[in-house]
Amino acid sequence: MALSLGWRAFAPFPMNCCGVFLKAVRSSGLPLFPWGRCPWRGTGRFLDPEMKAFLEENTEVTSSGSLTPEIQLRLLTPRCKFWWERADLWPHSDPYWAIYWPGGQALSRYLLDNPDVVRGKSVLDLGSGCGATAIAAKMSGASRILATDIDPIAGMAIILNCELNQLNPFPILIKNILDLEQDKWDLVVLGDMFYDEDLADSLHQWLKNCFWIHRTQVLIGDPGRPQFRGHSIQHQLHKVVEYSLPEPTRQENNGLTTSTVWDFQP
Ligand SMILES: C[S@@+](CC[C@H](N)C(=O)[O-])C[C@H]1O[C@@H](n2cnc3c(N)ncnc32)[C@H](O)[C@@H]1O
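Following my numbering, the numbering of the sequence shown begins with 3 at its first residue and continues without gaps.
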């Protein structure tokens with residue numbers, strides 16, 4: 003999984019402040035939390051206190067500047083120290099979870115505006131990051147949710163973000179789910195996951211299996227990244243809705259202006 007490579011190519015920030023977000027110098031070194039092996043259930047009381055304090059100190063609670071002002075999130079913003087710091091001073095893995103990506107914003111907006119799409123359904127948020135799309139699914143009445151990511155810190159950020167929105171955290175799986183067989187889900191959602199060609203190929207194959215084995219509906223949010231626009235998955239997509247991105251998101255994403263929700267129909 004070319005996560006680090008993707009981060010540089012994908013760095014959404016203006017060059018004068020991108021140092022903060024470049025490659026971190028070492029991996030998190032965190033102990034394996036319960037959700038590392040199995041979907042985690044419960045409240046945030048098991049969060050490592052040191053890590054919780056680090057996240058609270060180095061992120062800002064915000065609900066502005068995105069397509070979903072009704073969702074509050076802990077994000078890295080210009081008011082955070084590490085926004086301006088040299089990238090190699092960031093002590094953990096690349097903080098994808100600290101950004102609310104335009105693909106996820108579009109998906110979350112769509113789920114909030116169209117609760118029928120998720121109400122009473124089981125939903126997998128693949129590559130959940132900050133967890134906003136899973137949170138939107140929960141707010142819209144999904145009956146079962148699993149947020150999944152490969153970064154354990156994302157798991158902690160998701161728990162904190164659930165609490166911010168007065169939601170009991172849903173199960174979180176920290177694992178490369180693409181290595182696992184497809185479970186039966188009514189809906190799989192993926193926000194901004196097509197940022198790397200190899201990852202895009204793996205996702206495409208995995209999603210095809212989801213669709214063919216379980217007839218799972220798959221919704222993809224993407225702001226028109228080259229790895230998505232140039233991928234063969236394009237022939238199997240139906241446009242659901244396109245959103246104009248808010249100005250702050252445009253500025254942080256090198257001029258991307260819209261983000262689209264696609265229905266995958268192989
Ligand atoms: C660009 S971020 C998108 C986050 C979120 N969906 C959003 O739109 O705000 C991509 C996320 O996918 C996660 N990721 C990458 N490969 C993954 C995989 N194989 N399985 C699960 N998560 C993965 C990364 O750690 C990162 O949090």
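Even glycine gets a Cβ: it sits at the ideal position worked out from N, Cα and C. This structure is a prediction, so every number in the text was calculated from the model and none was measured.
Taking 7 Å as the cut-off, one finds at least one heavy atom of ligand 1 near enough to the beta carbon of M195.
Not one heavy atom of ligand 1 sits closer than 7 Å to the Cβ of A159.
In this structure, T79 has its beta carbon at no less than 7 Å from each heavy atom of ligand 1. The beta carbon of P71 sits closer than 8 Å to those of S65, all from its chain and outside the five residues before and after it, given in chain order. Here the stretch 146-159 makes no contact with the stretch 201-210; the two share fewer than three CB pairs at distances below 8 Å. By the beta-carbon neighbour count (other beta carbons within 10 angstroms, threshold 16), D194 is buried.
Placement of the Cβ of W99 at a distance of less than 7 Å from at least one heavy atom of ligand 1 is found.
Using a Cβ distance threshold of 8 Å, L114 and S68 do not count as a contacting pair. Between F213 and the set F266, W85, L166, the nearest pair of CA atoms involves F266. Under the DSSP assignment, A149 falls outside any alpha helix (DSSP H), being part of the beta strand (DSSP E) whose first and last residues are 146-151. The alpha-carbon separation between W92 and F84 amounts to approximately 7 Å.
Where H216 is concerned, the enclosing alpha helix (DSSP H) starts and stops at 199-216. Note on geometry: alpha-carbon atoms of A144 and E59 lie some 32 Å from one another. S234 and E52 have their C-alpha atoms some 44 Å from each other. Residues W264, D265, Q267 of the same chain have their beta carbon placed closer than 7 Å to that of H240, with the five preceding and five following residues left out of the count.
In this structure, G106 places its C-beta atom within 8 Å of the C-beta atom of G223. Relative to the Cα of R146, the nearest Cα in the group H237, T79, D127, I152 belongs to D127.
Taking C-beta atoms as the reference points, L169 and R76 fail to come closer than 8 Å. Counting of Cβ neighbours within 10 angstroms places N256 among the exposed residues, the total staying below 16. For K123, same chain residues with a beta-carbon under 7 Å away, outside a window of 5 residues either side, are A144, S145, D188, L189 in chain order. Taking a contact as a CB-CB distance under 8 Å, the pair L109 and L221 counts as one, their CB atoms being some 6 Å apart.
G129 sits close to L192, with the two beta carbons spaced by under 8 Å.
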